[in-house]
Structure formats: C-alpha cells, structure tokens
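Enquirer: Mapping of the sequence shown onto my numbering: residues 61 to 241, in sequence order.
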Amino acid sequence: MSLSRRLLMLLSCCLGLLAYQSALAFSCDGGIVTKGSNKITVRSKCGDPSWIDRWHEEITEHRNSDIEHQISQVNERWIYNLGPNKLIHIVTFKGSVVLSTETGGRGFTVVPGMRRCDFNTISLETTSGEIATRCGEPDLKEQRYETVSWTFDLGSARFMRILTFRNGKLVDIRTGEKGAK
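Here it is in structure tokens:
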C-alpha cells in the first residue's frame with residue numbers, strides 16, 4: 061500500500077473519530093460537556109441554559125427482592141440557544157448526571173415580546189424549550205403527569221394552536237377554536 065493511501069486512511073479514521081466524539085459531547089466556552097458530567101460542572105462550563113424542561117420518572121429499585129421500592133426521580137433537559145450562526149444544544153440529565161447531549165435546530169436571536177413562531181414549521185419531537193424560545197410563553201399551560209399542553213391565542217381572526225409535549229418533546233399539534241384576543 062502506498063504512503064499516500066495510508067495517510068489518507070489515517071486521516072479518514074481521525075476525522076471519523078472526531079465526528080463521533082463531537083456527537084457525544086457539547087463544547088462550551090468553559091470546556092467540553094460529556095455523558096456522566098453533573099449539573100454543577102455543566103453550569104460552570106456552559107452557563108445558564110435558555111430553557112429547562114423537567115419531568116418525573118418512577119423508578120423501581122431492587123426489583124424482585126425483599127427491599128423492592130419505588131423512587132421518584134426528577135429528570136431535566138437543558139436547552140442552549142447559542143445564536144443564529146450555531147445549532148441549539150440539548151443536554152439531558154437523568155437525576156443530576158448528563159445522560160446525553162444532542163443538537164437541535166438552528167439557533168436564533170431572541171427579541172423580547174416578539175413572536176416569530178411559524179406553526180407550519182414545527183415538527184414532532186421538537187423540545188418545549190425550542191418552541192418557547194421561538195414562540196414565547198404560551199397563553200395557557202396545563203400539565204397532566206408527564207404531558208403538558210400549551211395553547212397559543214393568535215388573535216380573533218385566527219384559530220388557537222394547542223401543542224402537547226410528553227417529557228419535554230412535542231408529540232401533538234392541534235388547531236383549537238377561534239382566538240379571543
């Protein structure tokens with residue numbers, strides 16, 4: 061095998077390893093966040109998130125033993141909107157430890173009081189944090205167990221939009237009655 065071919069293979073492997081590693085981590089100004097990091101470390105490296113989703117999970121410990129018991133654990137999803145030239149980053153915690161990091165849609169500039177939400181471009185599995193950052197706070201927010209419904213009143217000339225989230229991810233979009241505003 062020629063030297064140039066070996067170098068090309070080595071370069072390809074290195075690039076693949078870098079891409080794989082970056083998919084498992086989130087790089088902030090203060091350092092890299094990886095699976096297993098705790099909330100204090102993430103906050104010190106990345107600062108406060110743009111949005112936090114919280115949900116409870118019932119866990120059975122010591123299943124099928126004499127000391128089996130249920131505990132309720134609070135999980136969180138931290139959303140970082142780094143601006144219009146970068147992707148949104150999502151850090152999911154199981155308890156206080158990073159379970160995963162992933163990227164969301166493209167970031168954007170937030171203008172207070174402005175709703176730049178286009179409900180036709182919202183897709184299922186979008187996090188409630190991304191939608192809140194793009195659309196603002198909902199006019200009505202209801203929570204049932206791990207499901208949350210947000211209602212947006214778009215004015216008397218338009219129909220309300222009802223978005224349903226399960227564990228912080230959009231699972232349903234419905235059109236409601238005419239707006240009241």
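Every residue, glycine too, gets a C-beta built ideally from N, C-alpha and C.
From the DSSP output, which residues share a beta bridge with F225?
Expert: V208 and L230
Enquirer: Going by the CB atoms, is the gap between I148 and E190 shorter than 7 angstroms?
Expert: yes
Enquirer: Helix or strand or just coil, what does DSSP make of K241?
Expert: If DSSP states are grouped into helix, strand and coil, K241 belongs with coil.
Enquirer: In its own chain, which residues sit with a C-beta less than 7 angstroms from the C-beta of V134, not counting the 5 before and 5 after it?
Expert: R114 and H116
Enquirer: What are the boundary residues of the beta strand (DSSP E) that includes G164?
Expert: V157 to R166
Enquirer: For D232, which of F86, D178, I182 and L214 has the nearest alpha-carbon?
Expert: I182
Enquirer: With 16 as the cutoff for other CB atoms within 10 Å, does T193 come out buried or exposed?
Expert: buried
Enquirer: Can you tell me which of the three DSSP states S216 falls into?
Expert: The three-state secondary structure of S216, taken from DSSP, is coil.
Enquirer: So, for I112: in the same chain, excluding its five sequence neighbours on each side, which residues have a beta-carbon less than 8 angstroms away from its beta-carbon?
Expert: E136, R137, W138, I139 and G189
Enquirer: In three-state DSSP terms, what is I242?
Expert: The question about residue 242 has no answer here: the residues shown for the chain are numbered 61 through 241.
Enquirer: Do you know how far the Cα of K154 is from the Cα of F246?
Expert: Summary: the structure shown does not reach residue 246, with the chain confined to residues 61 through 241, and so no result is reported for it.
Enquirer: Using three-state DSSP, classify C195 as helix, strand or coil.
Expert: helix
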